[in-house]
Amino acid sequence: MPNVSFEQIVKSYGEVTVLEGLNLKIEDGDFLVLLGPSGCGKSTLLNLMAGLGEVTSGRIMIGERDVTDLDPKDRGLAMVFQSYALYPTKTVRGNLKFGLAATKLPRDEVENRIRWVSELLQLDALMDRRPAQLSGGQRQRVAIGRALVKHADVLLFDEPLSNLDAKLRTEMRMEIKKLHDRLNPTVVYVTHDQIEAMTMATKIAVMNGGEIQQFGTPDEVYERPETLFVAGFIGAPQMNLLPAVLRMGEGMPTAVFTGGTRVDLLGYAFDRAPQDGMEIILGLRPEHFSAPDAPLPHAACTLDLPVCGIERTGSDTVVTLDFEGHAIAARAEPDQAAGLRSGARARLSYPRGKLNVFDARTGRRI
Ligand code: ADP
Ligand code: MG
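Just so you know, we're using this note's numbering here: the sequence shown kicks off at 5 and counts up by one.
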């Protein structure tokens with residue numbers, strides 16, 4: 005199956021430019037997730053790929069073919085929409101068949117493919133029902149089936165799970181992932197949900213304001229966010245982002261806070277040359293703090309902070325602490341945080357290997 009690439013894509017609606025010179029390459033067999041907040045241009049990009057909108061300038065390549073001006077049906081793509089777009093008057097079988105109506109395949113082949121997807125997606129018992137007689141998850145499977153029968157090289161999904169309840173969403177996430185592992189098509193999947201992105205993607209393109217802020221594996225965007233936006237968008241609870249000044253004294257880089265707290269950055273792998281006196285944002289993930297009142301030796305810092313809130317979810321506990329007037333979150337095991345009360349103090353350390361440092365001026369990782 006071919007690679008897909010976007011080259012210098014610009015998309016404007018009248019005066020408004022939504023995508024401004026965007027480049028992106030999707031490798032054969034990748035499960036690429038376009039992740040970003042509502043309105044950042046994800047659907048616009050996906051629709052351009054599908055041929056449902058015209059680029060203002062730039063080129064879309066599928067393999068060696070320039071498909072920029074091709075008709076949707078000639079691109080070898082199949083799309084699953086958020087609304088599923090099933091035909092209400094057709095049965096499941098009719099909906100699946102309709103996906104092949106334009107292909108002029110021999111009847112045997114049509115039957116074979118329909119049997120294949122109905123088995124694959126466990127639709128056998130539902131073939132004669134109409135969409136109104138199906139649950140949300142079943143409709144979703146039909147919509148995916150209709151895309152799969154086309155044997156398209158590339159499958160496009162636009163927020164296909166956002167209409168489902170939480171439990172079904174988790175199930176369908178696993179189903180789609182299994183399907184990808186088994187059939188290995190190239191998938192481009194749009195979502196604003198970072199959990200969907202982290203669990204399904206082989207690659208994530210994090211978008212904001214029509215730009216790709218970072219492109220990488222789920223681990224890369226989580227472990228080494230390139231920008232403050234990515235740092236804040238990936239991870240729940242959100243990464244704590246705290247303004248400080250970088251001091252380089254005697255080869256010992258340190259983040260110094262206005263209230264006097266110091267965080268030792270010795271051993272931090274700087275991406276860019278650090279400068280003494282520069283304003284930085286230090287990023288500390290809630291899940292990397294030590295257990296409260298069990299600080300670890302050789303940490304980047306050990307903090308003794310007032311507890312201002314405790315949120316118990318059952319599987320874990322999020323402790324809110326006052327760090328020089330900023331509320332910061334630390335995640336703990338429920339039994340480690342069992343004795344903590346609002347108004348008390350807690351001692352926590354943060355490990356050296358898990359620091360994130362950003363240039364406050366540019367918002368980029370340093
Ligand atoms: P997302 O899918 O990330 O939520 P969209 O791609 O749908 O975002 O939209 C990106 C931006 O483009 C939004 O600001 C939206 O208002 C604008 N937009 C989308 N479609 C149109 C259109 N047909 N005309 C004008 N503006 C549009
Ligand atoms: Mg959208």
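We put the beta carbon where it would ideally sit given N, CA and C, even for glycine.
Item: Is the closest heavy atom of ligand 1 to the C-beta of G40 under 8 Å?; Value: yes
Item: D363 lies in the alpha helix (DSSP H); which residues open and close that run?; Value: Not the alpha helix (DSSP H): D363 falls in the beta strand (DSSP E), residues 360-363.
Item: P222 by DSSP, collapsed to three states: which one?; Value: helix
Item: Let me check one thing: in DSSP terms, what residues is A336 bridge-paired to?; Value: T321
Item: If you follow the alpha helix (DSSP H) that A248 is part of, which residue opens it and which one closes it?; Value: Segment 244-251 is the beta strand (DSSP E) holding A248; no alpha helix (DSSP H) there.
Item: Looking at the unbroken alpha helix (DSSP H) that takes in F85, where does it start and where does it end?; Value: First-last for F85: undefined, no H or E at that position.
Item: Per DSSP, what kind of secondary structure is E11 in: helix, strand or coil?; Value: strand
Item: Taking only runs that begin and end inside the stretch 180-207, name each unbroken beta strand (DSSP E) of 3 or more residues, in chain order.; Value: 190-195
Item: Where does F35 fall in DSSP's three states?; Value: strand
Item: How far does the beta strand (DSSP E) with E24 in it reach, from first residue to last?; Value: 20-30
Item: Whose C-beta lies closer than 7 Å to the C-beta of D308 among residues of the same chain, with five residues either side of it excluded?; Value: R349, R351
Item: What three-state label does DSSP hand Q144 in the structure shown?; Value: helix
Item: Can G141 and L160 be called in contact, C-beta distance under 9 Å?; Value: no
Item: Check for me: the beta strand (DSSP E) holding A350 runs from which residue to which?; Value: 349-354
Item: Bridge partners of R310, per DSSP?; Value: Here residue 310 is Pro; the residue named in the question, Arg, does not match the sequence. DSSP, once it has assigned bridges, lists R349 as partnering P310.
Item: Write down every uninterrupted run of the beta strand (DSSP E) in the stretch 40-114 whose length is 3 residues or greater and which is fully enclosed by it, in chain order.; Value: 61-66, 81-84
Item: With distances taken Cα to Cα, identify the nearest neighbour of Q86 among T306, Q340, R145, G255.; Value: R145
Item: Could you tell me if the beta carbon of S319 falls within a distance shorter than 8 Å of some heavy atom in ligand 1?; Value: no
Item: At what residues does the beta strand (DSSP E) containing A259 begin and finish?; Value: 258-260
Item: How far does the beta strand (DSSP E) with F161 in it extend, from its first residue to its last?; Value: 158-162
Item: Quick one: measure Cβ to Cβ for A371 and D320, integer angstroms, because I've assumed they're closer than 8 Å.; Value: Because the chain is modelled from 5 through 370, residue 371 falls outside the range shown and cannot be assessed.
Item: In terms of DSSP beta bridges, what is Y17 paired with?; Value: V20
Item: Take every Cβ of the stretch 208-224, pair it with every Cβ of the stretch 263-282, and state whether three or more of those distances are shorter than 8 Å.; Value: no
Item: Could you tell me whether the Cβ atoms of L23 and G214 are closer together than 9 Å?; Value: yes
Item: Pairing CB atoms from the stretch 168-185 with CB atoms from the stretch 99-111, are three or more of them under 8 Å?; Value: no
Item: Going by beta carbon distance, what residues of the same chain come within less than 6 Å of S9, once the five residues before and after it are set aside?; Value: K29, M65
Item: Below 8 Å, can you find three or more Cβ-Cβ pairs linking the stretch 42-59 to the stretch 193-200?; Value: yes
Item: Would P296 pass as a contact of Q242 if the rule is Cβ separation under 9 Å?; Value: no
Item: Compute the Euclidean distance between the alpha carbons of P290 and R316, then round it to the nearest angstrom.; Value: 14 Å
Item: Would you grab the beta carbon distance between A201 and L39 for me? Rounded to a whole angstrom, and I think it's under 8 Å.; Value: 4 Å
Item: With distances taken between CB atoms, is the gap from D157 to P135 smaller than 9 Å?; Value: no
Item: In three-state terms, what does DSSP make of L288?; Value: strand
Item: Would L36 and K182 be called neighbours here (beta carbons separated by less than 9 Å)?; Value: no
Item: Give the secondary structure of D297 by DSSP, where H, G and I count as helix, E and B as strand, and everything else as coil.; Value: coil
Item: Does the beta-carbon of T48, which I'm using as the reference point, lie nearer than 8 Å to any heavy atom of ligand 1?; Value: yes
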